[in-house]
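For the sequence shown, counting from 1, position 113 maps to 477 in my numbering; every step adds exactly one.
Just so you know, even glycine gets a beta-carbon here, dropped at the ideal spot from N, CA and C.
Worksheet: one structure, shown below.
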Amino acid sequence: MQIKDKVVILTGGANGIGAALARRLVLEGAQVVIGDIDKNSGQVLITELNQNNKINAIFVFCDVTNFDLLRQLFDTAQNTFGAVDIICNNAGIGQIDEFYDQTDSWIKVIDVNLNAVIKGTQLGIEFLKKRGGGVIINTASLVGFYPLEQFPVYCSSKYGVVGFTQSLRDLNNTDKIRVNAVAPGFVDTYLTQNIIKTPVVKSEKSRSIPFDEVVNAFIKIIKDDKLVGDIILIPKENLSQIISKSFL
Numbered sequence: 365m366q367i368k369d370k371v372v373i374l375t376g377g378a379n380g381i382g383a384a385l386a387r388r389l390v391l392e393g394a395q396v397v398i399g400d401i402d403k404n405s406g407q408v409l410i411t412e413l414n415q416n417n418k419i420n421a422i423f424v425f426c427d428v429t430n431f432d433l434l435r436q437l438f439d440t441a442q443n444t445f446g447a448v449d450i451i452c453n454n455a456g457i458g459q460i461d462e463f464y465d466q467t468d469s470w471i472k473v474i475d476v477n478l479n480a481v482i483k484g485t486q487l488g489i490e491f492l493k494k495r496g497g498g499v500i501i502n503t504a505s506l507v508g509f510y511p512l513e514q515f516p517v518y519c520s521s522k523y524g525v526v527g528f529t530q531s532l533r534d535l536n537n538t539d540k541i542r543v544n545a546v547a548p549g550f551v552d553t554y555l556t557q558n559i560i561k562t563p564v565v566k567s568e569k570s571r572s573i574p575f576d577e578v579v580n581a582f583i584k585i586i587k588d589d590k591l592v593g594d595i596i597l598i599p600k601e602n603l604s605q606i607i608s609k610s611f612l
């Protein structure tokens, strides 16, 4: 699939990996609908992307745990640009002591990182069928393969994304919808700023993965029709690898 003139829904797109991906998508000619809870950052990014009086992107306030708002995001994309071609379920959260603090804060981690990915994919299938197919990319993590004991619920949510993505490979045969995922290691984002106090993450921070490398993985998935139910792992800089269904 070529990116030019395609309509992309991108959750968690106001900052970090999402914002870097939005810039690249617009650069390659896509129209991007960014869903996020960070209105200020979202509007700043939209102003940047919509230069020369051309509407390349719009921002929609969207708490992905609110499925009514999530559907509104898809409806807005359809009504504004006339179609939906690509969905990037990228929104994610994480925190220190998500499980061991003896509160129920871990529920939010599952709701954002896994449940919203499932619902976003469900909506994606509904809208992509209208186009005769398309691409869904879920943001997983290296900890979905190699867990950290400090973040058991975060790791569980990313394990879930990996398994969920792999389970939908047959959609390509039935509906021409390719579902894949990107699983980076440490990327220096707003999310990870909340957890860099731990010794393990501190050691990883010194070799963090550049945004461009993660964005390149998304672009590869969009353009390479052979990727179906696959995960692109990015454990370290310049060491990305594709984990195929045949290896799991």
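Distance check between residue 490 and each of 540, 577, 549 places 540 closest, using alpha-carbon atoms only.
Note on residue 381: 16 or more other CB atoms within 10 angstroms of its CB, so buried under the neighbour-count rule.
Here residue 372 has 389, 394, 396, 450 as same chain residues with Cβ atoms under 6 Å from its own Cβ, once five neighbours each way along the sequence are excluded. Contact between residue 593 and residue 544 holds, since their C-beta atoms are separated by about 7 Å, short of 8 Å. Sequence-distant partners of residue 529 (beyond 5 residues in either direction) whose C-beta falls short of 6 Å from its own C-beta, in its chain, are 502, 543, 545.
Under the 10 Å beta carbon count, residue 375 is surrounded by 16 or more other beta carbons and is classified as buried. Secondary-structure assignment with DSSP links residue 503 through a beta bridge to 546. By DSSP's assignment, residue 385 forms no beta bridge with any residue.
By alpha-carbon distance to residue 473, the top candidate from 379, 418, 520, 411 is 520.
Within the region 472-516, complete alpha helix (DSSP H) segments of at least 4 residues are found at 480-493, given in chain order.
Rounded to whole angstroms, the gap between the alpha carbons of residue 512 and residue 467 is 20 Å. The beta-carbon separation of residue 517 and residue 462, rounded to 5 Å, stays under the 8 Å limit for a contact. DSSP, reduced to helix, strand and coil, places residue 539 within a helical segment of the structure shown. If you keep only unbroken alpha helix (DSSP H) runs of at least 4 residues inside the region 373-425, you get 380-391, 403-413. Between the C-alpha atoms of residue 504 and residue 418 there is a straight-line separation of about 33 Å. Per DSSP, the unbroken alpha helix (DSSP H) holding residue 443 starts and ends at 431-445. The continuous beta strand (DSSP E) containing residue 453 extends over residues 450-453. Pairing residue 410 with residue 422, the inter-Cα distance amounts to about 6 Å.
For residue 585, DSSP assigns no beta-bridge partner whatsoever. Excluding five sequence positions before and after residue 476, the CB atoms of its chain that fall closer than 7 Å to its own CB belong to 428, 429, 455, 456, 457, given in chain order.
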